[in-house]
């Protein structure tokens, strides 16, 4: 890492949960999923032995959580563990906080996770995005999980078209029934057994197929930018019912999808309209929106969010 700070964004994938903004300095890094509250992590050495043990082994240098920072409150939650050199870590965290404050006007930062792992369809075309990383050395450490639509907890994805067909959103106590149906349809469109491939996305959007943990026969191929679904999930389907289900899923994830750069204006405007009913998420994520087409819609959602927060009992 250079002495200059590095600021970038990576996606939170499988399921897609938005993006994480990252600010790195030589001895620390800060992470934020909303552009407001930042988790501070500091590089430090910790002896590989039990505290108080006479067997002092080699030290390991790694990142450790070192509190939080936000513009309004400054640094909070700083630990005081005698195993670490807290004074040195505090100095690194304070320097990092100053760097983050200076970088805030540049939000949102550009995406840097240019290595992407895609689930392929039966024609070996990208179908659904499974993982991404900024570091090619990490490509072989990713497993072969299928595409996941939603977290196991939190607000459930409810499909109006499935409900209209008499398919309830809850089954056996699980609220993921509609998500599981969508996941199954995505996997049905893939090969059996599924094929996955890593691509390096080039500056012009093209994807170069890699051989890392991928079918060797596909290594070296290049696909045009339009072969990669911008939302991470294909939108065009031969079955009308599946196409409707995917569109409903995108509407459900609208507030998070708006954090993605490169969305065409029409798609972004449609997502902004869907996000009007997701006021709390819009208020939390708006700092990470690369573009806004209908500012009035976003502003209205943020006003609603503030009113809802004000109405909460203290």
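Numbering (our numbering), first residue to last: 6 to 319. Each residue gets a CB set at the ideal place from its N, CA and C atoms; glycine is no exception. Small disclaimer: the values here were computed from a predicted structure and weren't measured.
Check	Outcome
Proximity below 9 Å, CB of residue 191 to CB of residue 112	no
Distance between beta carbons of residue 210 and residue 230, contact taken as under 8 Å	3 Å
Residue 246 versus residue 93 - alpha carbon distance	58 Å
Collapsed DSSP secondary structure at residue 175 in the structure displayed	coil
Burial state of residue 23, where buried means 16 or more other Cβ atoms lie within 10 Å	buried
Between the CA atoms of residue 72 and residue 104 - distance to the nearest angstrom	16 Å
Cut-off 8 Å between Cβ atoms - residues of its own chain near residue 214, not counting five sequence neighbours on either side	202, 203, 204, 223, 224, 225, 226, 227, 228
Straight-line Cα distance separating residue 157 from residue 251	19 Å
Among 136, 199, 75, 96, the one whose alpha carbon lies nearest that of residue 49	96
For residue 300, the three-state DSSP class (helix, strand or coil)	helix
Inter-residue spacing [alpha-carbon to alpha-carbon] between residue 234 and residue 69	35 Å
Straight-line gap, residue 122 to residue 316 (C-alpha atoms, nearest Å)	43 Å
Coil, strand or helix - residue 56 by DSSP	Here the model assigns residue 56 a pLDDT of 48, short of 50, so the residue's position is not dependable, and the following value carries that caveat. Looking at residue 56 - three-state DSSP - the assignment turns out to be coil, as it is neither helix nor strand.
Cβ neighbour criterion (16 or more within 10 Å) applied to residue 28	buried
Contacting residues, own chain, Cβ-Cβ under 8 Å from residue 80 (five flanking each side not counted)	45, 72, 73, 74, 98, 99, 102
CB-CB length for residue 306 against residue 274, believed under 8 Å	Not really, about 14 Å apart at Cβ, beyond 8 Å.
In DSSP terms, what residue 94 is bridged to	None, per the DSSP bridge assignment.
C-beta contact flag for residue 172 and residue 179 at 9 Å	no
Cβ neighbours of residue 218 in the same chain (closer than 7 Å, five flanking residues each side left out)	144, 145, 147, 203
Inter-residue CB distance, residue 302 and residue 278 (contact presumed, cutoff 8 Å)	7 Å
Segment limits, alpha helix (DSSP H) that includes residue 286	284-290
Residue of 270, 308, 271, 272 minimising C-alpha distance to residue 286	308
Residue 270 - DSSP class collapsed to helix/strand/coil	helix
Cβ-based neighbour list, residue 184, same chain, cut-off 6 Å, excluding 5 preceding and 5 following	154, 155, 162
Rounded separation between residue 188 and residue 259 - CA only	18 Å
Unbroken stretches of the alpha helix (DSSP H), 4 residues or longer, contained in the stretch 172-249	182-193
Beta-carbon proximity check, residue 239 vs residue 126, cutoff 9 Å	yes
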